[in-house]
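To keep things clear, I will list the structure first and then write my remarks on it.
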Amino acid sequence: MDANGYRPPRNLRARSMLAGEASAAAAEVESTLAVPPDLEAAAFFDVDNTIMQGASLFHLARGLYKRRFFTTREIASAAWKQAYFRYAGVEDPEHVDSARASALAFIAGHRVSELEEVGDEIFDETMASRIWPGTRALAQRHLDDGQRVWLVTAAPVEIARIIARRLGLTGALGTVAESVDGVYTGRLVGDMLHGPAKADAILALTRDEGLDLDRCSAYSDSFNDLPMLSLVGHPCAVNPDAHLRDHARREGWMIRDFRTGRRAAKAGLVGAAVAGAVTGAALGAARARRH
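The opening residue of the sequence shown carries number 26 in the working numbering; numbering runs sequentially from there.
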């Protein structure tokens, strides 16, 4: 009975008590099933052709081009470098640094907030459909085990963080583009996060987070990420290039390949990529001459 003398019907009171007990039981079950955090183990994932099909920076550049960040000639050059990357099948460090550094130079004069604002849109437009479900499942397994998962990529850290956030991962390590008063200068802070630099970044994070590298895992498609893969106790080659596949087999590393029909389609894909890039380059040159 309340202060006004109202006594709720007996069946209503019983239902209320049952609802409260059910809620408490559900909370108890949820607490019991929750996985305690594993603070000493973590997983590190490369992005390009490991988490995502193709080069994340190329997808970013294409999205920025649609928003008039770049000229036709600049995007044609990026397309040609991407075609070379796909044709070669492996990452050449000098080629990758040249391609990515030049692409980062294009954002000079733009505000950091601009890139952050359009990053989610570009992810939805050109990146979300290129996430490898198999690799995403590997990352989720680590999360389900209470471990933290970081992306480690040479792409700009701003877009790497967006990818990590959209995939529900812990965070990202990426190349840092210099900015002054919130405006990109076109220069880098340090060097590209590529090859040995990835291993250095992971070592620094390991010291800060108190990780046990023997219990950590790393995933990559590229032989150039051997320094990162060799750091951890559980390396895995994902969609590996030929050099990494051979090395992984010799070392007894885990290999996961989520590409389908790659051998049958390889010639056609390469031909289409090169043809498209050549056409783009020709159009860019023609337009440059007209102007």
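Note that the Cβ used here is the ideal one computed from N, Cα and C, for glycine as well.
Keep in mind it's a predicted model, so treat the numbers as computed, not measured.
Range covered by the alpha helix (DSSP H) that runs through T160 | In the sequence shown, counting from the first residue as 1, residue 160 sits at position 135. T160: member of the alpha helix (DSSP H) spanning 158-169, first to last residue.
With C-beta atoms as the reference, is W175 less than 8 Å away from L194?
-> Indexing the sequence shown from 1 puts residue 175 at position 150. Indexing the sequence shown from 1 puts residue 194 at position 169. The answer is yes: Cβ separation under 8 Å.
With distances taken Cα to Cα, identify the nearest neighbour of E146 among A68, D282, H84.
-> Here the question's residue 146 lines up with position 121 in the sequence shown. The residue with the shortest Cα to Cα distance from E146 is H84.
Taking all protein chains shown into account, decide if V257 is buried (16 or more other Cβ within 10 angstroms of its Cβ) or exposed.
-> As a position in the sequence shown, residue 257 is number 232, starting the count at 1. V257 is buried by the Cβ-count criterion.
Based on the DSSP output, what are the partners of T200 in its beta bridges?
-> For the purposes of this step, residue 200 is taken as residue 175 along the sequence shown, with counting starting at 1. Answer is P181.
Work out the CA separation of S204 and R212 for me, nearest whole Å.
-> Within the sequence shown, the letter at position 187 stands for residue 212. Within the sequence shown, the letter at position 179 stands for residue 204. Rounded to the nearest angstrom, the two C-alpha atoms are 8 Å apart.
For my contact list, A68 and S247 are in at a C-beta cut-off of 8 Å; report their separation, rounded to the angstrom.
-> To locate residue 68, count along the sequence shown from 1; it is residue 43. To locate residue 247, count along the sequence shown from 1; it is residue 222. A Cβ-Cβ distance of about 17 Å is found for the pair A68 and S247, leaving them out of contact under the 8 Å criterion.
Out of curiosity, what's the CA-to-CA distance linking T200 and R93?
-> Looking up residue 200 in the sequence shown gives position 175. Looking up residue 93 in the sequence shown gives position 68. Per the coordinates, the alpha-carbon of T200 lies some 23 Å from the alpha-carbon of R93.
Would DSSP call L218 helix, strand or coil?
-> The residue given as residue 218 occupies position 193 in the sequence shown. L218 falls in the coil class under three-state DSSP.
Alpha carbon to alpha carbon, how far is P181 from L5? Give it in angstroms, no decimals.
-> There is simply no residue 5 to check, as the chain begins at 26 and stops at 316 in what is shown.
Excluding the five sequence neighbours on either side, which residues of its own chain have a C-beta within less than 6 Å of the C-beta of I280, listed in chain order?
-> The sequence position of residue 280 within the sequence shown is 255, counting from 1. Once the five neighbours on either side are set aside, the close Cβ partners of I280 are A262, A273.
Could you check if S154 is buried or exposed, using at least 16 other CB atoms within 10 Å of its CB as the buried criterion?
-> The residue labelled residue 154 in the question sits at position 129 within the sequence shown. Result: exposed.
Do G215 and E183 have their C-beta atoms closer together than 8 Å?
-> Sequence index remark: in the sequence shown, residue 215 carries index 190 (1-based). Sequence index remark: in the sequence shown, residue 183 carries index 158 (1-based). With respect to E183, G215 sits apart: the two C-beta atoms are not nearer than 8 Å.
Give every residue of the same chain whose Cβ lies closer than 6 Å to the Cβ of P260, excluding the five residues on either side of it in the sequence, and list them in chain order.
-> Taking the first residue of the sequence shown as 1, we reach residue 260 at position 235. Here the set comprises A243, L254, W278.
Which residues DSSP lists as bridging W175, in chain order | By one-based count along the sequence shown, residue 175 stands at place 150. Paired residues: F69, G196.
Considering only residues of the same chain and omitting the five flanking positions on each side of L308, which have a CB-CB separation below 6 Å?
-> On the sequence shown, position 283 is the one that residue 308 refers to. Confidence at L308 is low in this model, with a pLDDT of 34, below 50, so the placement of that residue is unreliable and no value is reported for it.
How many Å lie between T231 and L238 at the Cα?
-> The residue given as residue 231 occupies position 206 in the sequence shown. The residue given as residue 238 occupies position 213 in the sequence shown. Taken atom to atom, the span from the alpha-carbon of T231 to that of L238 is near 7 Å.
Could you give the DSSP three-state label for H259: helix, strand or coil?
-> Position 234 of the sequence shown, counted from the start, is the residue given in the question as residue 259. Reduced to three states, the DSSP call for H259 is strand.
Pick helix, strand or coil for K291, following the three-state DSSP scheme.
-> Numbered from 1 along the sequence shown, position 266 holds the residue referred to as residue 291. Because K291 sits at a pLDDT of 46, beneath the cut-off of 50, its placement in the model cannot be relied upon, and the point is left open.
Hey, out of D206, K223, S138, whose CA is closest to A197's CA?
-> On the sequence shown, position 172 is the one that residue 197 refers to. The shortest C-alpha separation from A197 is found at K223.
DSSP puts V205 in a beta bridge; with which residues?
-> Start at 1 with the first residue of the sequence shown, and residue 205 comes out as number 180. In the DSSP assignment, the residues bridged to V205 are V208.
What did DSSP end up calling S242 once you bin it into helix, strand or coil?
-> Within the sequence shown, the letter at position 217 stands for residue 242. S242: strand per DSSP, three-state reduction.
Just tell me which of H268, L89, Q165 has its CA closest to the CA of E276.
-> Numbered from its first residue, the sequence shown carries residue 276 at position 251. Per the Cα distances, H268.
Would L140 pass as a contact of T178 if the rule is Cβ separation under 8 Å?
-> The residue labelled residue 140 in the question sits at position 115 within the sequence shown. The residue labelled residue 178 in the question sits at position 153 within the sequence shown. The Cβ atoms of L140 and T178 lie no closer than 8 Å to each other.
Identify the continuous alpha helix (DSSP H) that holds L147 and give its terminal residues.
-> Here residue 147 refers to the residue found at position 122 when the sequence shown is read from its first residue. It should be noted that the sequence gives Ile, not Leu, for residue 147. Per DSSP, I147 belongs to the alpha helix (DSSP H) from 137-147.
If Y209 sits next to I156, beta carbons under 8 Å apart, how far is it from one beta carbon to the other, in whole angstroms?
-> Numbered from 1 along the sequence shown, position 184 holds the residue referred to as residue 209. Numbered from 1 along the sequence shown, position 131 holds the residue referred to as residue 156. Rounded, the Cβ-Cβ distance is 27 Å, inconsistent with contact.
Does DSSP put I76 in a helix, a strand or coil?
-> For the purposes of this step, residue 76 is taken as the residue at position 51 of the sequence shown. For I76, the three-state secondary structure derived from DSSP is coil.
For the alpha helix (DSSP H) holding R87, just list the boundary residues, first then last.
-> Stepping through the sequence shown from its first residue, residue 87 is reached at position 62. It spans 81-91 - the alpha helix (DSSP H) in which R87 sits, taken as one unbroken run.
Identity of the residue in G220, R270, D282, E234 nearest P252 by Cα | The residue given as residue 252 occupies position 227 in the sequence shown. Ranking G220, R270, D282, E234 by Cα distance to P252 puts G220 first.
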